[in-house]
Every structure is written in C-alpha cells, then in structure tokens.
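Asker:
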Amino acid sequence: MSPSQIVKHLHRANEVARRAMGLGRHPFGAILVGPDGETVLAEQGNVDTVNHAESVLARTAALNFSPEVLWQCTLVTTAEPCVMCAGTQYWANIGRVVYGMTEHRLLELTGNADENPTMSLPCRDVFARGQKPIEVIGPVPEVEEAMAALHKGFWPS
C-alpha cells in the first residue's frame, strides 16, 4: 500500500468512526482493504466495550474470506488495536494492520474512562508473541490529529 493510499484509507476509517459516534458509540472505525491496496471489502464502527470495530471486522472477515485472501489484506483502523483486537486479527489471518494513533495517545485522550480502560501493550508486542509475521504500519503522523479530534471532548474527564 502506498503512503497516499494509507492516508486515504485512514481518513475513510475516521469517517466510519464519526458515524459510530453519531450513533452514540465510541469513536473508533476500521476498514478491511483488499490485496490490491485499493478496494475496501468491509467497514465497521465500534459497537460497544467488548465488540470493538477491529475485532468485529476481523471476525466478520474470517466468515467471508479465505485465510489465504485475508493474509494479503490490510486492517486499517483509527487507533492502535488493543490486545483483544490484535489477537482477533491474528486468528483471522489478516496479514497487515495500519493505524492512525497509538494506544498511548488514546490513553492521553480518554484518561481513566470506565468505558475504555486502555492497556499499555502495543500491538507489535502482541504480534511478536505469535507465529505469523503480521506487518504493522503506524502511527501515521499525517492523520494522527484527525483521529484524535473525534476523541477530544467525547470521554468524560
């Protein structure tokens, strides 16, 4: 995926997050990009505290695409996948993740919000414990502020 495709897809994921927020859900969004780096195969906003955008998307993708196809796909998400989402992506066999802002930055924005108790465990560390070389691209500085903007003022202080 080219740098311009990465930025374009991250902005689309952020629009999915904006829609989720409009439905009263947490402002997270994810899309699944096909092997060509261009085609969006699926998109998902956050559902609730245990059905994050990335994990719901990965489970749905695993039901609809072969592991061989998914290995060539990219999960593009607004924020770094948490432990649960990284694990779900790993088991779904999605070969690459691209994210806009780190979980550390998310923690700065959410504080100690009961609905989003972030864990200080980067997705790279989760993937490094597995047996598959999941590629990780992120954070992406060009879009980080756009991703963060949806979270500013959303979480109770």
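Numbering of the sequence shown is given in the working numbering, commencing with residue 2 and proceeding in unit increments.
Glycine included, each C-beta is placed from N, C-alpha and C at the ideal position.
Is it the case that the Cβ atoms of alanine 18 and proline 4 are separated by a distance below 8 Å?
Answerer: For this step, residue 18 is matched to residue 17 along the sequence shown. For this step, residue 4 is matched to residue 3 along the sequence shown. The answer is no: Cβ separation not under 8 Å.
Asker: What are the residues that DSSP puts in a beta bridge with valine 137?
Answerer: In the sequence shown, the residue the question calls residue 137 occupies position 136. Looking at the DSSP assignment, valine 137 forms a beta bridge with Val98.
Asker: Quick check: what's the CA-CA separation for threonine 79 versus alanine 129?
Answerer: Residue numbering aside, residue 79 sits at position 78 when the sequence shown is read from its first letter. Residue numbering aside, residue 129 sits at position 128 when the sequence shown is read from its first letter. Taking the straight line from one Cα to the other gives about 21 Å.
Asker: Thinking alanine 59 and alanine 93 are a contact (beta carbons under 8 Å), I'd like their distance in whole angstroms, please.
Answerer: Residue 59 sits at position 58 when you count from the first residue of the sequence shown. Residue 93 sits at position 92 when you count from the first residue of the sequence shown. Right, their Cβ atoms sit about 4 Å apart.
Asker: Of all the options Asp126, Leu71, Glu55 and Met120, which has the alpha carbon lying nearest to the alpha carbon of asparagine 15?
Answerer: Residue numbering aside, residue 15 sits at position 14 when the sequence shown is read from its first letter. Here the closest residue by C-alpha is Glu55.
Asker: Threonine 40 to valine 34, Cα distance in whole Å?
Answerer: Indexing the sequence shown from 1 puts residue 40 at position 39. Indexing the sequence shown from 1 puts residue 34 at position 33. In a straight line, the C-alpha of threonine 40 is about 6 Å away from that of valine 34.
Asker: Does the Cβ-Cβ distance between tyrosine 91 and proline 140 come in under 8 Å?
Answerer: For the purposes of this step, residue 91 is taken as the residue at position 90 of the sequence shown. For the purposes of this step, residue 140 is taken as the residue at position 139 of the sequence shown. For tyrosine 91 and proline 140, no; Cβs fall outside 8 Å.
Asker: Quick one: residues in its chain with C-beta nearer than 6 Å to the C-beta of tryptophan 156, no 5 flanking neighbours on either side, listed in chain order?
Answerer: Numbered from 1 along the sequence shown, position 155 holds the residue referred to as residue 156. So the qualifying residues of the chain are Thr111 and Ala114.
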